[in-house]
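J.: Okay, handing you the structure first.
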Amino acid sequence: MAEAVGQSFDAKLKFARIAKMVTEEQARTVAIMHEFRNELYHVGLQHEAILPAIANFYFSVACDILKAFPGRGLYYGNKMVIPERAKKYFNSSRLNPAELGDFEKACATLKDRCHFDRGKTIGALADYMDYIITENNVYLDVISTGVFPKGKGITRDQATINCQTWRLAFSPVGHKFASENGFSGRSIHDLVDWLAANYRLTIKKDPVPGWKRRVQRLRSKANTHLAVATYVDFLRDTLQFREDLAESCAAAEAEIDRQIDEIRARRRKD
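Written out as structure tokens, the structure is:
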């Protein structure tokens, strides 16, 4: 209880769960939305594509939580004045501005008026996942074929492995693993190949088909809480790989630009 009245949001949420003021499902959604809020305001990450849909969902969840809050009565003084914007939610009179049950009814009214639409919310999450997958699908194409002469590219599976092993080859994690597991090569290319053969990579083959199946499962969800959790799990599970892929794609595009500049320079000389 002492922690719950402090500054920690997690402690407050934990107390609410223990006290049965929120369900496990509601607690998970509130934690996710609080994380979105922190990313938006503190880290600078944006969620524009899904914000309108999840804002209405979160408001609806908040109304459900407050509606079920175990209030024991309404307390007010003779000088208390209910704001004009709030009067419509209460059975006001001069002597009795509110009755027990008015707060619950007000929460229900607010929930109805926020126009939360389960289908639109789940659709927005799935659409943004589709966008992410399409973007990374292009990255894989660039890495596997864009740098190489026509017909001499690498497979998408190999590109999937390469983008992870190149990052590992320059990281303390990769160096530590190599030193502890018998790497005896001399060059960075030796290390990249060795890591591909020996390191347990998170993703070992083209992930796009599997990601597309995850989108289909998300679209079939009937529960918005589960849909939000599925969406967040996808972002977390794929974050490191997507960062590796984006870096490899940027390097590939830089090499393509270098080759184009080289060809143009030769033509000018001719």
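The sequence shown begins at 3 in the numbering used here and counts up by one.
We treat Cβ as the ideally placed atom computed from N, Cα and C, and that holds for glycine.
1. Count the C-beta pairs between the segment 139 to 158 and the segment 197 to 211 that are closer than 8 Å, then say yes if the count reaches three, no if not.
2. Look at the Cβ atom of L15, then the Cβ atom of A33, and state whether they are nearer than 8 Å.
3. Helix, strand or coil for K113 per DSSP?
4. Please state whether the Cβ-Cβ distance between T204 and Q160 is less than 8 Å.
5. Rounding to the nearest angstrom, what Cα-Cα distance links D129 and V217 in this structure?
6. Taking the alpha carbon of R30 as the reference point, which residue from A229, W168, L197, H177 has its own alpha carbon closest?
7. In the DSSP assignment, find the unbroken alpha helix (DSSP H) run with F1 in it and report its ends.
8. Where do the N-terminal and C-terminal ends of the alpha helix (DSSP H) with G121 fall, by residue?
9. Distance check for E101 and L237, CA to CA, integer angstroms please.
10. Which residue wins for smallest C-alpha separation from R115, given the options I124, N58, A231?
11. I believe L127 touches L220 by the beta-carbon criterion, under 8 Å. Please report the beta-carbon distance rounded to the nearest angstrom.
12. Looking at the structure shown, is L203 part of a helix, part of a strand, or coil, going by DSSP?
13. Compare the C-alpha of I134 against each of R87, H117, Y43, V234 and name the closest.
14. Check Y43 in the structure and name its three-state DSSP category.
15. In this structure, does DSSP put I84 in helix, strand or coil?
16. Could you give the DSSP three-state label for Y233: helix, strand or coil?
17. Leaving aside the five residues before and after A231 along the sequence, list all residues of the same chain whose C-beta is less than 8 Å from its C-beta, in chain order.
18. Quick one: is S181 buried, meaning 16 or more other Cβ sit within 10 Å of its Cβ, or exposed?
19. Where does I258 sit, in a helix, a strand or coil, going by DSSP?
20. Around the Cβ of Q9, are there at least 16 other Cβ atoms within 10 angstroms (buried) or fewer (exposed)?
21. Quick check on H191: does DSSP put it in helix, strand or coil?
22. Taking the alpha-carbon positions, what's the S222 to H49 distance?
23. Cα-Cα, which of D12, A21, Q28, A13 is closest to T226?
24. Here's the rule I'm using: 16 or more other beta-carbon atoms within 10 Å means buried, otherwise exposed. How should T240 be labelled?
T.: By the coordinates alone:
1. Contact between the segment 139 to 158 and the segment 197 to 211 is established, with three or more Cβ pairs separated by less than 8 Å.
2. Here residue 15 is taken as the residue at index 13 of the sequence shown, counted from 1. Here residue 33 is taken as the residue at index 31 of the sequence shown, counted from 1. Yes, Cβ-Cβ distance for L15 and A33 is below 8 Å.
3. The residue you call residue 113 lines up with position 111 of the sequence shown. It is helical.
4. The sequence position of residue 204 within the sequence shown is 202, counting from 1. The sequence position of residue 160 within the sequence shown is 158, counting from 1. No, the pair does not count as a contact, with Cβ atoms beyond the cut-off.
5. Looking up residue 129 in the sequence shown gives position 127. Looking up residue 217 in the sequence shown gives position 215. Their Cα atoms are separated by approximately 8 Å.
6. Within the sequence shown, residue 30 is the residue found at index 28, counting from 1. The option with the nearest alpha carbon to R30 is A229.
7. No information on residue 1 is available, as it lies outside the stretch 3 to 272 that the chain covers here.
8. As a working mapping, residue 121 is identified with position 119 in the sequence shown. Segment 120 to 143, the alpha helix (DSSP H) holding G121.
9. Start at 1 with the first residue of the sequence shown, and residue 237 comes out as number 235. Start at 1 with the first residue of the sequence shown, and residue 101 comes out as number 99. Their backbone Cα atoms lie some 46 Å apart in a straight line.
10. Numbered from its first residue, the sequence shown carries residue 115 at position 113. Measuring from the Cα of R115, the nearest candidate turns out to be N58.
11. Position 125 of the sequence shown, counted from the first residue, corresponds to residue 127. Position 218 of the sequence shown, counted from the first residue, corresponds to residue 220. Confirmed, about 6 Å.
12. In the sequence shown, residue 203 corresponds to position 201, counting from 1. Reduced to three states, the DSSP call for L203 is coil.
13. Translated into the one-based positions of the sequence shown, residue 134 becomes position 132. Nearest of R87, H117, Y43, V234 to I134, Cα basis: V234.
14. Within the sequence shown, residue 43 is the residue found at index 41, counting from 1. Helix, per DSSP.
15. Translated into positions along the sequence shown, residue 84 becomes position 82. Coil, per DSSP.
16. Numbered from its first residue, the sequence shown carries residue 233 at position 231. Helix at Y233.
17. Locating residue 231 in the sequence shown gives position 229, counting from the first residue. Correct list, in chain order: R30, T31, I34.
18. As a working note, residue 181 is residue 179 in the sequence shown. Exposed.
19. Here the question's residue 258 lines up with position 256 in the sequence shown. For I258, the three-state secondary structure derived from DSSP is helix.
20. Translated into the one-based positions of the sequence shown, residue 9 becomes position 7. That one is exposed.
21. Walking along the sequence shown from the start, residue 191 turns up at place 189. Helix at H191.
22. By one-based count along the sequence shown, residue 222 stands at place 220. By one-based count along the sequence shown, residue 49 stands at place 47. Each residue's alpha carbon lies about 22 Å from the other.
23. To locate residue 226, count along the sequence shown from 1; it is residue 224. The shortest Cα separation from T226 among D12, A21, Q28, A13 belongs to Q28.
24. Taking the sequence shown and counting its residues from 1, the one referred to as residue 240 is at position 238. When all chains shown are included, T240 counts as buried.
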